[in-house]
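Undergrad: So the protein sequences, as listed, match chains A and B. Using UniProt numbering, you'd call the opening residue of the first sequence number 1 and step up by one each time. Using UniProt numbering, you'd call the opening residue of the second sequence number 1 and step up by one each time. Even for Gly, the Cβ is constructed at its ideal location relative to N, Cα and C. This structure is in structure tokens; I'll ask about it shortly.
Protein chains: 2
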Amino acid sequence: MQAEIITIGDEILIGQIVDTNSAFLGKEFNKIGISIYQITSVQDEKSHILKALKEAEENADIIIVTGGLGPTKDDITKHTICEYFDDVLVEDQDVLENVERIFSKYKSPLLTVNKHQALVPSKCKVLMNHNGTAPGMWLEKNGKVFVSLPGVPFEMKALITEQVIPNLRAQFKFPYIMHKTILTYGLGESALAERIEAWEDNLPHYIKLAYLPSLGRVRLRLSAKAEDKVLVEEEVQRQVNLLLPQIEDVFVGYEEDRSIEALIGQRLIAMGKTLAVAESCTGGFISQSFTANAGSSAFFKGGLVPYATASKVKLLGIPEALIEEHSVVSKAVAEAMAQNIRSMFESDYAISTTGNAGPAKGDSDAEVGTVHIAIATKDYVISEEFNFGKHRENVIGRATNKAFSMLQKEILKK
Amino acid sequence: MQAEIITIGDEILIGQIVDTNSAFLGKEFNKIGISIYQITSVQDEKSHILKALKEAEENADIIIVTGGLGPTKDDITKHTICEYFDDVLVEDQDVLENVERIFSKYKSPLLTVNKHQALVPSKCKVLMNHNGTAPGMWLEKNGKVFVSLPGVPFEMKALITEQVIPNLRAQFKFPYIMHKTILTYGLGESALAERIEAWEDNLPHYIKLAYLPSLGRVRLRLSAKAEDKVLVEEEVQRQVNLLLPQIEDVFVGYEEDRSIEALIGQRLIAMGKTLAVAESCTGGFISQSFTANAGSSAFFKGGLVPYATASKVKLLGIPEALIEEHSVVSKAVAEAMAQNIRSMFESDYAISTTGNAGPAKGDSDAEVGTVHIAIATKDYVISEEFNFGKHRENVIGRATNKAFSMLQKEILKK
């Protein structure tokens, strides 16, 4: 069973927003056994939307359309879908009440255009949007399902998980799809591929392997699809068991549905341990990655971003002499930062970063891309020096990923 | 002149990565007057890629293909393009030298698969990739341009700005496209639309208006496209001058190509002023947003993420009695946090956030979604209380945006 995603909105095509909805949809659909055949982003333009709907209907069984459901003139998805289904718009009483409820809650005056949010194609089943005024709409044609959803991410996400997926499950029987992703660090994509070539060549036809290199890591993703869930899971596990001894030296862990920082958090909570972070060159990125996850206050005590060199001295207690002797981007300073932030927050673990993310040299003579990362525990401190290249975004991203890997390694020792 | 983007890779369709390349391409192409007709994401599968190429060739003059150029077996873009152009692969000496140079720099052994990176279609013009081993490839067919680029963002970006765009400019004449985006805060999309309806209806046909609501803000984007650059710019400015008096109370500023945090940074640097941040519920997001921009060390002194309540007392000097009296999520605590962080970092301005991002209640009884944001200067401190709803991601995002708006307002007073 295949689905296709159509995202509508000029803002996507002119690059004003990044389309994150499609990744969410891809992930959620895969979980229940629906592959995404194609993602198509089109303009707020009637003939283009009609063409995309027609092509999607040819390729897929389920067509998910997001965006273009706002109350203003540039939003034309609803009228276009109505035309595609040769239908008329009718007022839905429940949607109207939902719109009125939302406007009275926010004490905003209810305008005619807002009431128009309650107009839906007569043939559609309404998916009530409890987080906004634009309802989801479910339509069917020749056994194919079309779902139109608002483009606002949290409204779309709630509609998908609470209504679209349960409805699809009730209506169709899906094959089982599973993905297993293995994180490696330290070997390039091609060297890794050469090393495991014999294993890869012997994978059964229903298991596909992909290499995903990103910011210093290579992720190996196994994707399997078949009717029998138990058999697929056993075979994937058997293949992983064959693979692991060959990549022991570079294996970091598995990436479940959760990110490495979520996994670290989970593990720290289970251990009853806590974390603090002192970030210079990563500028808050590490803290933000941890706190983005719900429940992070159970292990994350906090962080400091001592961006200016003076604040490393004054607020983090790094001796001026140490900075003068070694420079602010050095092993000695990184280790002192990790130890001091750990004491300040009275945490079990601490991470620190100091480096030069570029593009210009900062308060140190270190080459652009040089980063020192340290991990401190009650008993010891370790650190490593890296060069993450000359692109600021990359340096910050790779330093963050590396800090996660280093911390995970220390945690797994326990 | 229209372009189409094809992004290749199963990882996009299963939602393992978010496609950020397309937004970059959309933005860069728009700057030089090329509209993106469609973005299509397809699987690593030959027949599907061939179909996408054929459809794109029908719609667009320029086809940009990203992804699928790695050295491993799952990367099939190069072979597929070769087939589409009825061509053969030949070894390019310059690319081979580039590959050898990169491998010798990182002291990695050069494998046969890596040497295969130097195989390119015989009809293509090579776009040398100075940041990686997979070259860009420029091909032409019936007056249409096809460019295949690696999917690694920083490799792709460098090839686009340094080679693809200069080549396109040399070969074609483009119309002038401009976008002007006006930021508003405080009025809903539909209320705004009703207020400016007469103005919108009188826009000339070559100026298009879009409403972009996001996390509490509504952005109004004017897009204009015509041959004559001067006339277009004058007309857009004239329309903006007609609009502004109607939205005076909600107008925040313009969004140039740069984000609001980049504009704030630019302005602080021009004023010779500095900033520090104390973030509780935003958990590092504000700091990270500032430090993501190059040159931020010229105004950003640093930040503290006092996530645990105890660290607000110990590290930020918030009196325990104040927290007990008002609770940790309160106006009094937010204002003290902003004042104290400003003193600690000796900055001119400071931002603080304290709130409950959910999903569960934290160290305070405040309702999920409650956030207090304060701005401190040498002379005064102000704060506001908000409720940003019950979705964690939203609460953090809206609190961050609101903090930027509040700070910008204070800075503009000077």
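Determine, using beta carbons only, whether B/TYR37 and A/GLN163 come nearer to each other than 9 Å.
TA: Your numbering for residue 37 of chain B matches position 37 in the second sequence. Your numbering for residue 163 of chain A matches position 163 in the first sequence. Not closer than 9 Å, so no.
Undergrad: Just to confirm the assignment: which complete beta strand (DSSP E) runs, minimum length 3, are found wholly within the region 264-294 of chain A?
TA: 275-279
Undergrad: Applying the 10 Å Cβ sphere with the 16-neighbour rule, what's the burial state of B/LEU412?
TA: Position 412 of the second sequence, counting from 1, holds the residue named residue 412 of chain B. It is exposed - the Cβ of B/LEU412 has fewer than 16 other Cβ atoms within 10 Å.
Undergrad: Hey, how far is the Cα of A/GLY355 from the Cα of A/ALA338?
TA: Residue 355 of chain A sits at position 355 when you count from the first residue of the first sequence. Residue 338 of chain A sits at position 338 when you count from the first residue of the first sequence. The straight-line gap from Cα to Cα measures roughly 14 Å.
Undergrad: Does the beta carbon of A/GLY216 come closer than 9 Å to any beta carbon on chain B?
TA: Against the first sequence, residue 216 of chain A aligns to sequence position 216. Not closer than 9 Å to any Cβ of chain B, the Cβ of A/GLY216 fails to qualify, so no.
Undergrad: With burial defined as no fewer than 16 other Cβ atoms inside 10 Å of the residue's Cβ, what is the status of A/GLN117: buried or exposed?
TA: Taking the first sequence and counting its residues from 1, one reaches residue 117 of chain A at position 117. By the 10 Å Cβ count, A/GLN117 comes out buried.
Undergrad: Is B/ASN401 helix, strand or coil when you go by DSSP?
TA: Here residue 401 of chain B refers to the residue found at position 401 of the second sequence. It is helical.
Undergrad: State yes or no: is the beta carbon of B/ALA310 nearer than 9 Å to at least one beta carbon in chain A?
TA: Taking the first residue of the second sequence as position 1, residue 310 of chain B is located at position 310. Judged by the 9 Å Cβ criterion, B/ALA310 is in contact with chain A.
Undergrad: In chain order, what residues of the same chain have a beta carbon less than 8 Å from the beta carbon of A/PHE251, not counting five sequence neighbours either side?
TA: Taking the first sequence and counting its residues from 1, the one referred to as residue 251 of chain A is at position 251. So the qualifying residues of the chain are ILE182, LEU183, THR184 and LEU244.
Undergrad: Using the Cβ count rule (16 or more neighbours within 10 Å means buried), how would you classify A/ASN30?
TA: If you number the first sequence from 1, residue 30 of chain A lands on position 30. Around the beta carbon of A/ASN30, 16 or more other beta carbons sit within 10 angstroms, so the residue counts as buried.
Undergrad: For B/MET271, does the count of other Cβ atoms within 10 angstroms reach 16, so buried, or fall short, so exposed?
TA: Along the second sequence, one-based indexing puts residue 271 of chain B at 271. Exposed, since its Cβ has fewer than 16 Cβ neighbours within 10 Å.
Undergrad: Mind checking which residues open and close the beta strand (DSSP E) that includes B/PRO213?
TA: The sequence position of residue 213 of chain B within the second sequence is 213, counting from 1. Per DSSP, B/PRO213 belongs to the beta strand (DSSP E) from 207-214.
Undergrad: I need the straight-line Cα distance from B/ASN340 to B/VAL333, nearest angstrom please.
TA: Along the second sequence, read from residue 1 onward, the residue named residue 340 of chain B stands at position 340. Along the second sequence, read from residue 1 onward, the residue named residue 333 of chain B stands at position 333. Here the C-alpha atom of B/ASN340 lies approximately 10 Å from the C-alpha atom of B/VAL333.
Undergrad: According to DSSP, B/GLU140 sits in a beta bridge with which residue or residues?
TA: As a first step, residue 140 of chain B must be located in the second sequence, where it is residue number 140. For B/GLU140, which the question treats as bridged, DSSP gives the partners B/VAL145.
Undergrad: Runs of 4 residues minimum, wholly inside the region 4-66 of chain A: which ones carry the alpha helix (DSSP H) assignment?
TA: 10-13, 21-31 and 46-59
Undergrad: Between the beta-carbon of B/PHE352 and the beta-carbon of B/VAL305, is there less than 9 Å?
TA: In the second sequence, counting from the first residue as 1, residue 352 of chain B sits at position 352. In the second sequence, counting from the first residue as 1, residue 305 of chain B sits at position 305. Rather than Phe, the amino acid found at residue 352 of chain B in this sequence is Ser. Taking 9 Å as the Cβ cut-off, B/SER352 and B/VAL305 do not qualify as a contacting pair.
Undergrad: Select from B/LYS73, B/ALA193, B/GLU57 and B/ALA357 the residue whose C-alpha is nearest the C-alpha of A/LEU192.
TA: Residue numbering aside, residue 192 of chain A sits at position 192 when the first sequence is read from its first letter. Of all alpha-carbon atoms in B/LYS73, B/ALA193, B/GLU57 and B/ALA357, the one lying nearest the alpha-carbon of A/LEU192 is that of B/LYS73.
Undergrad: Might you give, ordered along the chain, the residues of its own chain that have their beta carbon closer than 6 Å to the beta carbon of B/GLU227, omitting 5 neighbours on each side?
TA: Residue mapping note: residue 227 of chain B aligns to position 227 of the second sequence, counting from 1. Result list for B/GLU227: PRO175, in chain order.
Undergrad: Give me, in chain order, the residues of the same chain whose beta-carbon lies closer than 6 Å to that of B/LEU96; leave out the 5 immediate sequence neighbours on both sides.
TA: Translated into the one-based positions of the second sequence, residue 96 of chain B becomes position 96. Answer for B/LEU96: ALA118, listed in chain order.
Undergrad: Which same chain residues, not among the five before or five after B/SER383, have their C-beta less than 6 Å away from its C-beta?
TA: The residue you call residue 383 of chain B lines up with position 383 of the second sequence. Result list for B/SER383: LYS331, ALA334, GLU335, HIS372 and ALA374, in chain order.
Undergrad: Determine the contact status of B/ILE396 and A/THR291, defining contact as a CB-CB distance below 9 Å.
TA: The residue given as residue 396 of chain B occupies position 396 in the second sequence. The residue given as residue 291 of chain A occupies position 291 in the first sequence. Yes, they are a contact pair.
Undergrad: Mind checking whether B/LEU187 and B/ASP249 have CB atoms under 9 Å apart?
TA: For the purposes of this step, residue 187 of chain B is taken as residue 187 along the second sequence, with counting starting at 1. For the purposes of this step, residue 249 of chain B is taken as residue 249 along the second sequence, with counting starting at 1. A contact, by the Cβ cut-off of 9 Å.
Undergrad: In the structure shown, what three-state DSSP assignment does A/MET128 receive?
TA: One-based indexing of the first sequence puts residue 128 of chain A at position 128. In this structure, A/MET128 counts as coil in the three-state DSSP scheme.
Undergrad: How would you label A/LEU231, buried or exposed, when you count the other beta carbons within 10 angstroms and need 16 or more for buried?
TA: Taking the first sequence and counting its residues from 1, one reaches residue 231 of chain A at position 231. Per the 10 Å Cβ criterion, exposed.
Undergrad: In the DSSP assignment, find the unbroken alpha helix (DSSP H) run with B/THR80 in it and report its ends.
TA: For the purposes of this step, residue 80 of chain B is taken as the residue at position 80 of the second sequence. 77-84 is the span of the alpha helix (DSSP H), which, as asked, contains B/THR80.
Undergrad: For the region 147-158 of chain A against the region 49-69 of chain A, are there 3 or more C-beta pairs whose distance is under 8 Å?
TA: Under the Cβ criterion (8 Å, minimum of three pairs), the region 147-158 of chain A counts as touching the region 49-69 of chain A.
Undergrad: Note down the Cα distance separating A/SER405 from B/ASP10, rounded to an integer number of angstroms.
TA: Against the first sequence, residue 405 of chain A aligns to sequence position 405. Against the second sequence, residue 10 of chain B aligns to sequence position 10. Approximately 25 Å between the Cα atoms of the pair.
Undergrad: I think B/LYS180 touches B/TYR206, with their Cβ atoms under 8 Å apart; what is that distance to the nearest whole Å?
TA: What you label residue 180 of chain B is simply residue 180 of the second sequence in a count that begins at 1. What you label residue 206 of chain B is simply residue 206 of the second sequence in a count that begins at 1. With a Cβ gap of about 14 Å, B/LYS180 and B/TYR206 do not count as contacting.
Undergrad: Using only CA atoms, which one of B/LYS229, B/SER289 and B/VAL152 lies nearest to B/GLY136?
TA: Here residue 136 of chain B corresponds to residue number 136 of the second sequence, with the count starting at 1. Selected option, being the one with the closest Cα: B/VAL152.
Undergrad: What number of angstroms, rounded off, separates the C-alpha of B/LYS173 from the C-alpha of B/PRO204?
TA: Counting from 1 along the second sequence, the entry for residue 173 of chain B is found at position 173. Counting from 1 along the second sequence, the entry for residue 204 of chain B is found at position 204. Looking at the two C-alpha atoms, the distance is approximately 24 Å.
Undergrad: Under 7 Å between beta-carbons, which chain B residues line up against A/MET344? List them in chain order, please.
TA: Residue numbering aside, residue 344 of chain A sits at position 344 when the first sequence is read from its first letter. Under the 7 Å cutoff, chain B gives LEU315.
Undergrad: Report the rounded CA-to-CA distance for A/LYS78 versus A/ALA23, giving the unit in angstroms.
TA: Working through the first sequence from its first residue, we reach residue 78 of chain A at position 78. Working through the first sequence from its first residue, we reach residue 23 of chain A at position 23. About 23 Å.
Undergrad: Could you spell out the range, first to last residue, of the alpha helix (DSSP H) harbouring A/GLU91?
TA: Reading the first sequence from its first residue, position 91 is the one you call residue 91 of chain A. Here A/GLU91 belongs to no alpha helix (DSSP H); instead the beta strand (DSSP E) covers 89-91.
Undergrad: How about B/MET128 and B/ASN21: do their beta carbons lie closer than 9 Å?
TA: On the second sequence, position 128 is the one that residue 128 of chain B refers to. On the second sequence, position 21 is the one that residue 21 of chain B refers to. Not in contact: B/MET128 and B/ASN21 (Cβ atoms no closer than 9 Å).
Undergrad: Which residues in the same chain as B/GLY26 place their Cβ atom closer than 6 Å to its Cβ, once the five residues preceding and following it in sequence are excluded?
TA: Residue 26 of chain B sits at position 26 when you count from the first residue of the second sequence. Answer for B/GLY26: ILE36, listed in chain order.
Undergrad: Would you say the beta carbon of B/VAL313 comes nearer than 8 Å to a heavy atom of the ligand HEM?
TA: Absence of the ligand HEM is noted for the structure shown, with no ligands found whatsoever.
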